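Report on one structure; see the data block that follows.
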Amino acid sequence: MTTPEARRDMANAIRFLAADAVEAAGSGHPGLPMGAADIATVLFTRFLTFDPTAPAWANRDRFVLSAGHGSMLLYALLHLLGYKDIDLDEIRRFRQLGAKTAGHPEYGHAAGIETTTGPLGQGIANAVGMAIAERHLAARFGSIVDHRTFCLAGDGCLMEGISQEAIALAGHLKLSKLTLIWDDNGITIDGKVSLADSTDQLARFAACGWETIACDGHDHDAIAEALQAAIKSDRPTLVAAKTTIGFGAPGKAGTQAAHGSPLGTSEIAEMRETLGWTHEPFHIPPETLDQWRIAGLRSGAGRREWDERYGELDAETRGEFDRVMRGDLPSGLLQAVQRGKRRLNQERPEVATRKASEMALEIVTEAVPELLGGSADLTGSNNTRVEGTQAITPEDFSGRYLHYGIREHGMAGIMNGLALHGGVIPYGGTFLVFSDYARPAIRLAALMGLRVVYVLTHDSIGLGEDGPTHQPVEHLAALRAIPGLDVMRPADAVETLECWHLALTASDHPTAIVLSRQSVPALRTDEYDENRTARGAYELFSAEGEAAVTIFATGSEVAIAAAARPVLLKAGLPTRVVSVPCFETFARQAPEYRAAFLKDASIKVAVEAGIRQGWDALIGPDGLFIGMEGFGASGKAGQLYAHFGITADRLVDAVLARHAEIRGADEGEPGEPAA
Numbered sequence: 023m024t025t026p027e028a029r030r031d032m033a034n035a036i037r038f039l040a041a042d043a044v045e046a047a048g049s050g051h052p053g054l055p056m057g058a059a060d061i062a063t064v065l066f067t068r069f070l071t072f073d074p075t076a077p078a079w080a081n082r083d084r085f086v087l088s089a090g091h092g093s094m095l096l097y098a099l100l101h102l103l104g105y106k107d108i109d110l111d112e113i114r115r116f117r118q119l120g121a122k123t124a125g126h127p128e129y130g131h132a133a134g135i136e137t138t139t140g141p142l143g144q145g146i147a148n149a150v151g152m153a154i155a156e157r158h159l160a161a162r163f164g165s166i167v168d169h170r171t172f173c174l175a176g177d178g179c180l181m182e183g184i185s186q187e188a189i190a191l192a193g194h195l196k197l198s199k200l201t202l203i204w205d206d207n208g209i210t211i212d213g214k215v216s217l218a219d220s221t222d223q224l225a226r227f228a229a230c231g232w233e234t235i236a237c238d239g240h241d242h243d244a245i246a247e248a249l250q251a252a253i254k255s256d257r258p259t260l261v262a263a264k265t266t267i268g269f270g271a272p273g274k275a276g277t278q279a280a281h282g283s284p285l286g287t288s289e290i291a292e293m294r295e296t297l298g299w300t301h302e303p304f305h306i307p308p309e310t311l312d313q314w315r316i317a318g319l320r321s322g323a324g325r326r327e328w329d330e331r332y333g334e335l336d337a338e339t340r341g342e343f344d345r346v347m348r349g350d351l352p353s354g355l356l357q358a359v360q361r362g363k364r365r366l367n368q369e370r371p372e373v374a375t376r377k378a379s380e381m382a383l384e385i386v387t388e389a390v391p392e393l394l395g396g397s398a399d400l401t402g403s404n405n406t407r408v409e410g411t412q413a414i415t416p417e418d419f420s421g422r423y424l425h426y427g428i429r430e431h432g433m434a435g436i437m438n439g440l441a442l443h444g445g446v447i448p449y450g451g452t453f454l455v456f457s458d459y460a461r462p463a464i465r466l467a468a469l470m471g472l473r474v475v476y477v478l479t480h481d482s483i484g485l486g487e488d489g490p491t492h493q494p495v496e497h498l499a500a501l502r503a504i505p506g507l508d509v510m511r512p513a514d515a516v517e518t519l520e521c522w523h524l525a526l527t528a529s530d531h532p533t534a535i536v537l538s539r540q541s542v543p544a545l546r547t548d549e550y551d552e553n554r555t556a557r558g559a560y561e562l563f564s565a566e567g568e569a570a571v572t573i574f575a576t577g578s579e580v581a582i583a584a585a586a587r588p589v590l591l592k593a594g595l596p597t598r599v600v601s602v603p604c605f606e607t608f609a610r611q612a613p614e615y616r617a618a619f620l621k622d623a624s625i626k627v628a629v630e631a632g633i634r635q636g637w638d639a640l641i642g643p644d645g646l647f648i649g650m651e652g653f654g655a656s657g658k659a660g661q662l663y664a665h666f667g668i669t670a671d672r673l674v675d676a677v678l679a680r681h682a683e684i685r686g687a688d689e690g691e692p693g694e695p696a697a
């Protein structure tokens, strides 16, 4: 049992590592690590279950630092506890190029960093997702999955709207193994929280079904008592720990001056006197470091006991648990997809691609038992739930479908947490236009390289009467602008199934599958097993010779391109139609493959019911584009396509006009040399 003096020194070790690292970097946020050091000391030395020697241990407790600006708190802890990735050199390199100790915690940079945080509130949603994953996997695999999720959040995290979406669902689901610790220091960068907010946070959480406990965030016994009560609760728990930001800094503690800037050498020198810390920067006395390293080994016995229980599992269960935690797909998925494609080639259904996605889900849901779906209240419109799939409820987490409610941002952040936890592959649906609400979390999924699938339906003016508020025009371009996100817009049922297969096999990045409300014809009628969508763009209909015209199209507009082709052929222009389900996968193809579409002399034209942005990479700045230039309107789909000129007739007219221009230039005007 450590003495109060030893525990004080352990907390001060965090404070000075944080203050010294921020000072050396010349930037950073020292206030939160200094204020929350006591909370972290109690949590990591007495409650959190983990093993620095096996940081990926499946049954470890998850710790999420939602207030990611306080990253030095986490880095200091990882170093002190003995995680090999964060040594003193990394602490000294805080915020420097190439360092594992980035300005905000970056998932994948070092063991012990469970998620990328920084945009406030995202970590809360991630933690909710992790807690859901734990309950779901426990329902599937039994007591081999039995751990908790802890999240440390600040005032800013609680102000961001995503926090409300996440905590409301967590309270509804009664996630009793989730504890959110609020670093209640009352300070933001602008000054006191009271400048902009007067929310009674305990009442707010209680209204969402949470247990709420307040404590002194610098009293170790009080913190321990609060955490013990949280563990015993049958609901998620908010621990409101009242702290002083920049604790120990005599001139700046409790003020915004300690929040987002280095304290200054004189302030740190006075802080050393105030706290009785006589050691040089980055030096931790051996007796204090020993106490931290002992704490790092505290869970070793628990892990060994878990290893014994794991070893007692039957071989089939153990193998399946290992497989899903590694993220490997079942061996039968490819065969199931190929059988499904052959059936679609025979049946040739003319359905909306959202319906085709439901048909694909029937195949992959059976083949991939770790697939965990959901929708932001639009299940019947997104077609995201297949027959026989049970919903997750507060009483039963064995289901495979989550009703997220009207919480697009929260859903996307929670799906990130599900993927980060491991053992599940999350997908979630909403309308494409509402991807704006989810975009910050989608961006983070791409930044972290997570296998998350977004089912985005009602993809164009083709949704009709709901009008321009619901008709996406810039959203495809906006999503395509996110590095690391594959945006797939299939043309028919076969391409849709191929998109789902690609999304599931994409273990290192997220995928958005963008789907129509209106029906589309069956265009892919080949008998081949090859996933042609994996090329990103491929020749759907050939020119039967050297192409004079190349029409690129996506989604429902591929049918428009196909309708224009015979008219252009009759006009003497050999025309090929290139389906472009995914810009990103096309960009990853060999230069020779891409050149076959882009470098020939044919007239290039693209048709898509969205804005032109992004298409010049395929058709060039002089290429023809048939699409949207502004917002939509209310009306039936067919009327709207005609109204906005997204038709085969307009496409043909544009190509013929361009061909005439080129022919005129080649022949030259009377009295002028040919071009």
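Under the numbering used here, think of the first position of the sequence shown as 23, with each following residue one higher.
Cβ coordinates follow ideal geometry from the N, Cα and C atoms, glycine included.
As the structure is a computational prediction, the values presented were derived from the model and not from experiment.
Query                                                                                                                             : Result
Beta strand (DSSP E) runs wholly inside the segment 129 to 193, at least 3 long, in chain order                                   : 171 to 175
Segment contact, 8 Å Cβ cut-off, at least three pairs: the segment 543 to 560 with the segment 487 to 505                         : no
Cβ separation of LEU174 and ALA89, assumed to be a contact under 8 Å, to the nearest whole Å                                      : 6 Å
Nearest neighbour of ALA670, chosen from ALA583, TRP204 and LYS106 [CA to CA]                                                     : ALA583
For CYS237, the first and last residue of its enclosing beta strand (DSSP E)                                                      : 233 to 238
Nonlocal neighbours in the same chain, by C-beta distance under 7 Å from THR547, ignoring five residues either side               : ASN367 and ARG370
Contacts around SER482, its chain only, beta-carbon distance under 6 Å, and the 5 residues preceding and following it disregarded : ALA631
Helix, strand or coil at ALA40 according to DSSP, with G and I counted as helix                                                   : helix
Any 3 or more C-beta pairs closer than 8 Å across the segment 384 to 395 and the segment 125 to 135                               : no
Beta-bridge pairing of ARG598 - partner residues as DSSP gives them                                                               : THR572
DSSP beta-bridge partners of TRP204                                                                                               : ALA175 and ALA262
LEU595 versus ARG82, CYS604, GLY567 and GLU614, residue with shortest Cα-Cα distance                                              : GLY567
For THR25, the three-state DSSP class (helix, strand or coil)                                                                     : coil
Secondary structure of ARG84, DSSP reduced to three states                                                                        : strand
In chain order, each alpha helix (DSSP H) run of at least 4 residues that lies wholly inside the segment 450 to 499               : 457 to 470
N-terminal and C-terminal residue of the alpha helix (DSSP H) that LEU646 is part of                                              : No alpha helix (DSSP H) holds LEU646; the beta strand (DSSP E) holding it covers 646 to 648.
ALA696 (DSSP reduced to helix, strand or coil)                                                                                    : At ALA696, the pLDDT of 38 sits below 50, so the modelled position is not reliable and the matter cannot be decided from this model.
Residue range of the unbroken beta strand (DSSP E) whose run includes ASP109                                                      : Where ASP109 is concerned, there is no enclosing beta strand (DSSP E), given that its DSSP letter is neither H nor E.
PRO613, DSSP secondary structure in three states                                                                                  : helix
Between the CA atoms of ASN438 and VAL627 - distance to the nearest angstrom                                                      : 37 Å
Exposed unless 16 or more other CB atoms sit within 10 angstroms - verdict on SER220                                              : exposed
Beta strand (DSSP E) segment containing LEU351, residue limits                                                                    : First-last for LEU351: undefined, no H or E at that position.
Inter-residue Cα distance where the pair is ARG348 and LEU319                                                                     : 25 Å
In DSSP terms, what MET510 is bridged to                                                                                          : ILE535
Beta-carbon proximity check, ALA317 vs PHE66, cutoff 8 Å                                                                          : yes
From MET181, GLY645, HIS443 and VAL629, residue whose alpha carbon lies closest to that of ASP622                                 : GLY645
Through-space distance from ARG598 to ALA565, alpha-carbon basis                                                                  : 4 Å
Neighbourhood of SER420 by C-beta, 6 Å cutoff - its chain only, sequence neighbours within 5 removed                              : ALA161
Contact under 8 Å by Cβ, ALA703 with GLY92                                                                                        : The question about residue 703 has no answer, for the chain in this structure spans 23 to 697.
Reduced DSSP secondary structure (H/G/I, E/B, other) of LEU640                                                                    : helix
Of the listed residues VAL516, ASP329 and GLY322, nearest to GLN360 (C-alpha basis)                                               : VAL516
Residues that THR210 bridges to, as DSSP identifies them                                                                          : GLY213
Same chain only: Cβ atoms within 6 Å of PHE456, ignoring 5 sequence neighbours per side                                           : GLU430
Unbroken beta strand (DSSP E) run spanning LEU394, endpoints                                                                      : 393 to 397
Which of helix, strand or coil DSSP assigns to HIS126                                                                             : coil
Which of helix, strand or coil DSSP assigns to PHE304                                                                             : coil
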